[in-house]
Amino acid sequence: MKSPTLIGYSTIVHKEFTRIIRIWSQTLLPPVITTTLYFIVFGRFIGSQVAPIDGYSYMQYIVPGLIMMTIITSSYMNTVSTFYFAKWQHTIDEILVSPMPSWAVVAGFVTGGMIRAALTGVLVIIVALLFTHLAVFNILILFVAAFLTALLFALAGIVNAIYAKSFDAITIVPSFVLTPLTYLGGVFYSISLLPPLFRNISLANPILYMVNAFRYGFLGVSDVRLTTCFAVIGGFTILMLVWVLLLFRNGAGLKK
Amino acid sequence: MTPAIEIQDLKKVYPQSKGNKELPTEALKGVSLTIDQGEFFALLGPNGAGKTSLISILAGLGRKSSGTVSVHGVSTDVDPDKAKTFIGLVPQEFNFSIFEKVLDIVIAQAGYYGIRKADAMPYAEVLLKELGLWEKRNDQAQNLSGGMKRRLMIARALIHKPQVLLLDEPTAGVDVELRRSMWEFLKDLNEKGTTILLTTHYLEEAEQLCRRVAIINHGDIIEQGSVKELLTKLHITTVLLDTVEQLTEAVMQLLRGEPLEREDDHTLKLTLGPGGTMNEAFRKLSSVGVHVSNVRSMGSRLEEVFIQLIEKKDANA
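Chains as they are written, first to last, in the working numbering: chain A, 44 to 299; chain B, 346 to 662.
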């Protein structure tokens, strides 16, 4: 016998999953095409001219980062768009008038974001296998890094959507914050190749830790200590979770 | 018996928005209202009176500035989630996803209230059939007419069998025929025990459906009581007089100063205040050669009360 809260949660997840599949050309296809282009341009054309990094070919080295980039973008974009659209259309009121606890509502939307991240992540892995051989060094680390990162960015997407007052506001963070941080987060290079100043600046980028934790799961190599990686990911996730729950409790951006 | 809705000294202030030099808006200025279980209650007021703010706070969509609200004895401060279980809301604006199918919208709403799809389906069928939407159950909501969309919102609000139904201008923009059928549906629902709080611009609607009404203006309840009490209180009688002769401009000039208004070429509206009689009006009409063939009572007498109260309140302010 399912509890009422669990039924409410399942309803949101089901709606989110249906939406992701219904508009697959907007939700699943773009990251696959983008990543395929990265594989072709950076992996095949440029990568063939680059010396191996940490004993791996350039193509193999960038695959974990590209998968992580997809996970970050998909989880964030899913929650920010679906939640803001629900706010804009006032369909979020359907949920807010119900007795569902805030945490269950958040969990429903976050799960939706994580499902999209998982689906796009798997699709990108399939594409990557067409270009290179993929080894898995530690599946648990791989899974935990992907799970926590998807969770963190799904929560961040909700925060953005709650504060957003226009469609422009939901594109500012992905375009001007997320994309630069991702590109500079060690997806395409090892920070050990950078001069000390830029190496130290890179350490302030939280995405660096996510990419490296995930890369460790695949290749067993990382620019930073694994414990530091998970401390940073875990810390930011808890921070974001508390932020979202406080916003829901206060009704900021949701209730008049 | 515990009241269905109990509101005490409810205040709502919308803060000054950034970049806006206007002062904070006081939408509700200490509203107190008690609605008994099984009542059909109307909240009347002009635009911006505070009706929607009140409904939003009751439904959990708005934040109050101060005061207390209880639904079936459950304080919204103490246990807001439990208070929500008693309420079904039909908002003023359409707020469902237009890309979803009619049945899916209703079933999803049941899900948010913790009702499994299998359990919700039989009642969803009953509601959609009663509201004439069953044939459209697999259509996307965007393909429904305005009236159907409004009925869909009623079905959605009722799927969890709420004890209190809040309707915010439910018949706005709905044609007369559909409005009447919705009235019948709501009357029936009320007779079966559902408490209904309705906000409306249509005074006829309040007069037809509700035993008690409250009139709200500028965030204050300026009058409340039974429709009959309000009409008696202001001693207002409004009748329509059908005339044999055409009511030309010249005739109306001769009737200037009388409590008579021209409705159309052969109809006059006579409004009688306290102590007024029809004899004087008839005498005046005879003197200008106008004969009355029929006298009809007017439907929306409450409108006169409404206008008088609001004008009186505004004048005092």
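Glycine included, C-beta positions come from ideal geometry on N, C-alpha and C.
Spatial distance of residue i from residue j (CA atoms)
i	j	result
residue 184 (chain A)	residue 172 (chain A)	20 angstroms
residue 59 (chain A)	residue 132 (chain A)	16 angstroms
residue 352 (chain B)	residue 141 (chain A)	20 angstroms
residue 227 (chain A)	residue 82 (chain A)	18 angstroms
residue 405 (chain B)	residue 296 (chain A)	14 angstroms
residue 278 (chain A)	residue 284 (chain A)	10 angstroms
residue 564 (chain B)	residue 372 (chain B)	5 angstroms
residue 253 (chain A)	residue 111 (chain A)	8 angstroms
residue 392 (chain B)	residue 145 (chain A)	32 angstroms
residue 237 (chain A)	residue 266 (chain A)	11 angstroms
residue 532 (chain B)	residue 442 (chain B)	28 angstroms
residue 645 (chain B)	residue 547 (chain B)	Model confidence at residue 645 (chain B) stands at a pLDDT of 46, short of 50, so the residue's coordinates are unreliable; what they give is reported in the following sentence. Roughly 9 angstroms between the two C-alpha positions.
residue 135 (chain A)	residue 66 (chain A)	20 angstroms
residue 384 (chain B)	residue 556 (chain B)	7 angstroms
residue 624 (chain B)	residue 617 (chain B)	11 angstroms
residue 378 (chain B)	residue 350 (chain B)	8 angstroms
residue 654 (chain B)	residue 500 (chain B)	35 angstroms
residue 494 (chain B)	residue 521 (chain B)	16 angstroms
residue 490 (chain B)	residue 583 (chain B)	36 angstroms
residue 77 (chain A)	residue 209 (chain A)	26 angstroms
residue 461 (chain B)	residue 440 (chain B)	22 angstroms
residue 597 (chain B)	residue 586 (chain B)	14 angstroms
residue 430 (chain B)	residue 211 (chain A)	36 angstroms
residue 91 (chain A)	residue 239 (chain A)	27 angstroms
residue 527 (chain B)	residue 186 (chain A)	54 angstroms
residue 435 (chain B)	residue 471 (chain B)	18 angstroms
residue 492 (chain B)	residue 381 (chain B)	30 angstroms
residue 74 (chain A)	residue 101 (chain A)	20 angstroms
residue 456 (chain B)	residue 622 (chain B)	60 angstroms
residue 481 (chain B)	residue 628 (chain B)	59 angstroms
Own chain, CB closer than 8 angstroms to residue i, minus 5 neighbours either side, in chain order
i	result
residue 561 (chain B)	376, 388, 389, 390, 394, 395, 396, 399, 567
residue 152 (chain A)	55, 59, 122, 125, 126, 197, 201
residue 177 (chain A)	103, 106, 168, 171, 261
residue 529 (chain B)	none
residue 360 (chain B)	369
residue 231 (chain A)	85, 105, 108
residue 519 (chain B)	491, 492, 495, 527
residue 298 (chain A)	139
DSSP bridge partner residues for residue i (one or two, in chain order)
i	result
residue 351 (chain B)	B:379, B:415
residue 566 (chain B)	B:561
residue 587 (chain B)	B:612, B:639
residue 96 (chain A)	A:99
residue 621 (chain B)	Partner(s): none; residue 621 (chain B) has no beta bridge.
residue 541 (chain B)	B:385, B:510
residue 582 (chain B)	B:617
residue 359 (chain B)	B:370
residue 606 (chain B)	B:614
residue 485 (chain B)	B:446
residue 435 (chain B)	B:512
residue 663 (chain B)	Summary: the structure shown does not reach residue 663 (chain B), with chain B confined to residues 346 through 662, and so no result is reported for it.
Same chain only: Cβ atoms within 6 angstroms of residue i, ignoring 5 sequence neighbours per side
i	result
residue 290 (chain A)	205
residue 636 (chain B)	589
residue 591 (chain B)	610
residue 428 (chain B)	416, 419, 421
residue 166 (chain A)	75
Residues near residue i in its chain [Cβ-Cβ closer than 7 angstroms; skip 5 each side]
i	result
residue 599 (chain B)	633
residue 233 (chain A)	96, 97, 266
residue 62 (chain A)	125
residue 249 (chain A)	275, 279
residue 255 (chain A)	229, 265, 266, 267, 272
residue 630 (chain B)	637
Proximity test, Cβ basis, 8 angstroms: residue i and chain E
i	result
residue 571 (chain B)	Among the protein chains of the structure shown, namely A and B, there is no chain E.
Discussion item. Tell me whether the stretch 442-449 of chain B and the stretch 466-486 of chain B touch, counting them as touching only if at least three CB pairs, one residue from each stretch, are closer than 8 angstroms.
Written reply: Yes, since at least three Cβ pairs between the stretch 442-449 of chain B and the stretch 466-486 of chain B fall closer than 8 angstroms, the two stretches touch.
Worksheet item: Does the stretch 234-244 of chain A come within contact of the stretch 105-125 of chain A, defined as at least 3 CB pairs closer than 8 angstroms?
Response: no
Worksheet entry | Residues, ordered as in the chain, of the stretch 124-155 of chain A that lie near chain B by beta-carbon distance below 7 angstroms | 132, 133, 134, 136, 137, 138, 139, 140, 141, 142, 143, 144
Worksheet item: For the stretch 191-217 of chain A, which residues have a CB atom closer than 9 angstroms to at least one CB atom of chain B, in sequence order?
Response: none
Worksheet item: For the stretch 57-73 of chain A, which residues have a CB atom closer than 7 angstroms to at least one CB atom of chain B, in sequence order?
Response: 58
Worksheet item: Got a sec: which bits of the stretch 401-416 of chain B sit with their beta carbon under 7 angstroms from any beta carbon on chain A, in order along the chain?
Response: Residues passing the 7 angstroms Cβ filter: 401, 404, 405, 406, 407, 408.
Discussion item. Please list, in chain order, the residues of the stretch 418-431 of chain B that have any C-beta partner in chain A closer than 9 angstroms.
Written reply: 425, 426, 427, 428, 429, 430
Item to complete: May I ask you to list, following chain order, the residues of the stretch 155-167 of chain A that have a beta carbon less than 7 angstroms from some beta carbon of chain B?
Response: none
Practice prompt. Could you list the residues in the stretch 478-493 of chain B with a C-beta less than 7 angstroms from some C-beta on chain A, going in chain order?
Written response: none
Worksheet item: Which of the residues in the stretch 451-469 of chain B, read from start to end, lie with their CB under 9 angstroms from any CB of chain A?
Response: 452, 453, 454, 455, 456, 457, 458, 459, 460, 461, 462
Fill in: Any 3 or more C-beta pairs closer than 8 angstroms across the stretch 534-551 of chain B and the stretch 493-512 of chain B
yes
Worksheet item: Taking a cut of 7 angstroms between CB atoms, which residues from the stretch 385-399 of chain B lie near chain A?
Response: none
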